[in-house]
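What follows is a set of notes on a single structure, which appears directly below.
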Amino acid sequence: MEKRELVIIGAGPAGLTAAIYGRRAGLDVLLLEKGVPGGQINMTEEIENWPGVKHATGSELGVMFREHAEKFNTEFRDCNVEAIEVKDGVKVVRTDKGDVEGEAIIIATGAYFRKLGCKGEDEHIGAGVSYCAVCDGAFFEDLEIAVVGGGNTAVEEAVYLTTFASKVYIIHRRDEFRADRAAVERALSNPKIQPVWNTVLEEIAGEGMVEKLVLKNVKTGEISDLPVSGVFMFVGQAPHDEFCKGLLGCTKGGWIQTNEDMETSIEGIYAAGDIRDKNLRQVVTASADGAIAAMSASSYINEQVHLRSTLFEPDQVNAFFYSSVDQGQVALSNIAEEMKKEKGLNIVLIDGYRNAKMTEKLGIKVMPVLVELRKGSIIRMTEVKGEADLQKLDS
Ligand SMILES: Cc1cc2nc3c(=O)[nH]c(=O)nc-3n(C[C@H](O)[C@H](O)[C@H](O)COP(=O)(O)OP(=O)(O)OC[C@H]3O[C@@H](n4cnc5c(N)ncnc54)[C@H](O)[C@@H]3O)c2cc1C
875 MEKRELVIIG AGPAGLTAAI YGRRAGLDVL LLEKGVPGGQ INMTEEIENW
925 PGVKHATGSE LGVMFREHAE KFNTEFRDCN VEAIEVKDGV KVVRTDKGDV
975 EGEAIIIATG AYFRKLGCKG EDEHIGAGVS YCAVCDGAFF EDLEIAVVGG
1025 GNTAVEEAVY LTTFASKVYI IHRRDEFRAD RAAVERALSN PKIQPVWNTV
1075 LEEIAGEGMV EKLVLKNVKT GEISDLPVSG VFMFVGQAPH DEFCKGLLGC
1125 TKGGWIQTNE DMETSIEGIY AAGDIRDKNL RQVVTASADG AIAAMSASSY
1175 INEQVHLRST LFEPDQVNAF FYSSVDQGQV ALSNIAEEMK KEKGLNIVLI
1225 DGYRNAKMTE KLGIKVMPVL VELRKGSIIR MTEVKGEADL QKLDS
């Protein structure tokens, strides 16, 4: 089976940034993408919150990201990832173009805003139809707009949009919002917000840009027009997690849980970008996640490769595990290093603090310690109390 060091799934801002960092760290990187590299930003005409680029279309930024990853010879593969399988620590990515084993995997498949599915929606995405208030709110300065939805996101984003818009209609199919009381009170006390109860959006109309919404009252059946310049859909966002459902620790909504190093519940698998459980889903946060995930994966891969070749593959090896944050233990490691050089002592020095996971896996609870391994199995562990214990190795 094909084997690679780092397999990244998804070439959006998170995956492309991870590829740049991974390649610069000298890793063999394979980037799998089923659509157009750049990810969700390809759907927007305006990006003006990516630092250093005052304005670009989403696809322009996507091309820049892709070219940047290509500059460092990232290998791209056009394929759909169907599953990830993990058995005895071996991680395999199954795709419609074959299977790949990855020493480490970064999942960066992003998320999608659920569409409402009404007439005229697809044609006006990026032309007045938006799924992201932080991204697009500023384009509606002093204009009248609408929000569709009744949950927390819809109500809170409607309040945020009043920073720009002269009026924000909230179109909701019921006669009260599902959002928290505090959020509802804040929205209803805002003079720029006007709820439109018991109403659904039937059609978005306009030559090029959005000009009006066709609404239907669900109680009376009455049809009416609402002239607006934009409409924000907040009928839910969901992660692209079809291929890894049930594999990793996730929230109820399917968002992958990570720590701040982007580590998931499975060692060697990382998640970055919108697919993660997080508050702010933006290009800048996705890229930051990608950089962190790649550096975490790089440390993990180096640790695995180094430890495999030094500890587990040789017929017999003595290893000295110490902690690099303990001055006494560092001094002992220096003595061991000198003995190794001057007397040709057969010993491997491992910083157990930096290789904490491996140390834990080996069952090492106290450091400094001398560990004797034969063909990858520990046959003896001896706590080192001072230099004399190291000198015994020489005899
Ligand atoms: C209309 C719109 C406007 C936006 N405007 C802004 C803005 O102005 N500023 C801003 O900062 N953010 C904006 N955002 C949000 C921003 O685009 C996202 O936060 C960002 O793209 C997330 O990056 P990501 O890499 O995590 O995921 P994504 O960009 O979603 O990329 C994930 C990639 O993974 C691929 N993929 C998914 N599943 C698979 C699979 N099974 N196999 C292979 N590949 C797969 C997808 O095809 C996609 O290319 C906007 C979003 C939208 C929808």
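This note's numbering numbers the first residue of the sequence shown as 875 and each following residue consecutively.
Glycine included, C-beta positions come from ideal geometry on N, C-alpha and C.
These figures come from a predicted structure and were not determined experimentally.
Residue j beta carbon less than 8 Å from that of residue i
i: Ile958; j: Leu1121; result: yes
i: Phe950; j: Arg897; result: no
i: Gly1164; j: Ala892; result: yes
i: Gly1011; j: Leu1035; result: yes
i: Tyr1174; j: Leu1100; result: no
i: Thr931; j: Glu919; result: yes
i: Leu1267; j: Ile1224; result: no
i: Val1105; j: Ala1020; result: yes
i: Phe1108; j: Val1199; result: no
i: Thr1125; j: Thr1132; result: no
i: Glu1149; j: Gly984; result: Inspection of the sequence shows that residue 1149 is occupied by Ile rather than by Glu. A contact, by the Cβ cut-off of 8 Å.
i: Glu1018; j: Ser1103; result: yes
Selected residue, minimal CA-CA separation from residue i, among the options
i: Lys1239; options: Ala1039, Phe946, Glu1257, Ala899; result: Glu1257
i: Ala1262; options: Gly1025, Val1243, Val955, Ile1166; result: Val1243
i: Asn1229; options: Ser1183, Phe1186, Gln1178; result: Gln1178
i: Gly976; options: Met875, His942, Thr1037, Pro911; result: Met875
i: Glu1234; options: Ala1205, Lys908, Phe1195; result: Phe1195
i: Asn1026; options: Asp1054, Met1169, Gln1201; result: Asp1054
i: Thr1094; options: Val1204, Trp1071, Asp1115; result: Trp1071
i: Gln1190; options: Arg1150, Arg1052, Val1245, Leu1089; result: Val1245
i: Ala1007; options: Ile882, Val1033, Tyr986; result: Val1033
i: Gly972; options: Phe987, Asp1151, Val937, Asp952; result: Asp952
i: His1114; options: Leu1089, Glu907, Ser1139; result: Glu907
i: Arg878; options: Ile980, Val927, Met917; result: Ile980
i: Pro911; options: Gly936, Glu1137, Glu1030, Val927; result: Gly936
i: Val1088; options: Gly1023, Thr1073, Val1157; result: Thr1073
i: Met1241; options: Arg1155, Ser1170, Gln1201; result: Gln1201
i: Asn1176; options: Ser1197, Ile1149, Arg1155, Gly1142; result: Gly1142
i: Met1083; options: Glu997, Ile1140, Lys1214; result: Glu997
i: Glu1134; options: Tyr1144, Thr1125, Gly1128, Gly1127; result: Tyr1144
i: Tyr1227; options: Leu1247, Met1213, Val1204, Glu1216; result: Val1204
i: Pro1069; options: Glu1081, Ala1056, Phe1051; result: Phe1051
i: Gly901; options: Met917, Gly1250, Ile882, Gly909; result: Checking the sequence, you will find Leu at residue 901 rather than Gly. Taking only the C-alpha atoms, the option nearest Leu901 is Ile882.
Any non-hydrogen atom of ligand 1 closer than 7 Å to residue i Cβ
i: Gly1000; result: yes
i: Phe987; result: yes
i: Gly1147; result: yes
i: Glu907; result: yes
i: Glu1013; result: Going by the sequence as given, residue 1013 is Phe instead of Glu. No, Cβ of Phe1013 sits at least 7 Å from all heavy atoms of ligand 1.
i: Asp1010; result: yes
i: Thr983; result: yes
i: Tyr1005; result: yes
i: His1114; result: yes
i: Thr1027; result: no
i: Arg1155; result: yes
i: Thr918; result: yes
i: Pro887; result: yes
Close beta carbons around residue i, own chain, < 6 Å, minus the five adjacent residues each side
i: Val903; result: Leu880, Ala893, Gly896, Arg897, Thr948
i: Ala888; result: Ala982, Ala1146, Gly1147, Ala1160, Asp1163, Gly1164
i: Leu890; result: Phe939, Ala943
i: His929; result: Glu922
i: Arg968; result: Glu956, Ala957
i: Lys1090; result: Val1074, Glu1076, Ile1097
Sequence-distant residues of the same chain with beta carbon closer than 7 Å to residue i, five excluded per side
i: Glu995; result: Lys989, Val1003, Ile1078
i: Glu1117; result: It is Phe, not Glu, that sits at residue 1117 in the sequence shown. Val955, Glu956, Ala957, Ile958.
i: Ile1209; result: Glu1261, Leu1264
Contact set for residue i: own chain, Cβ-Cβ below 8 Å, skip 5 residues either direction
i: Asp1016; result: Phe1038, Ala1039, Ser1040
i: Gly1128; result: Ala1112, Pro1113, Asp1115, Lys1119
Please list the segments of the beta strand (DSSP E) lying wholly inside the region 1103-1136, counting only runs of 3 or more residues, in order along the chain. The region 1103-1136 contains these whole beta strand (DSSP E) runs: 1104-1107, 1111-1113.
Can you list the alpha helix (DSSP H) stretches of 4 or more residues lying completely in the region 1146-1220, in chain order? Every unbroken stretch of the alpha helix (DSSP H) spanning 4 or more residues and falling wholly within the region 1146-1220 is given here in chain order: 1157-1181, 1201-1217.
Entirely enclosed alpha helix (DSSP H) segments - the region 1034-1078, minimum 4 residues: Runs found: 1055-1062.
May I have a chain-ordered list of the alpha helix (DSSP H) segments no shorter than 4 residues that lie completely inside the region 906-987? Counting only runs of 4 or more, we get 932-945.
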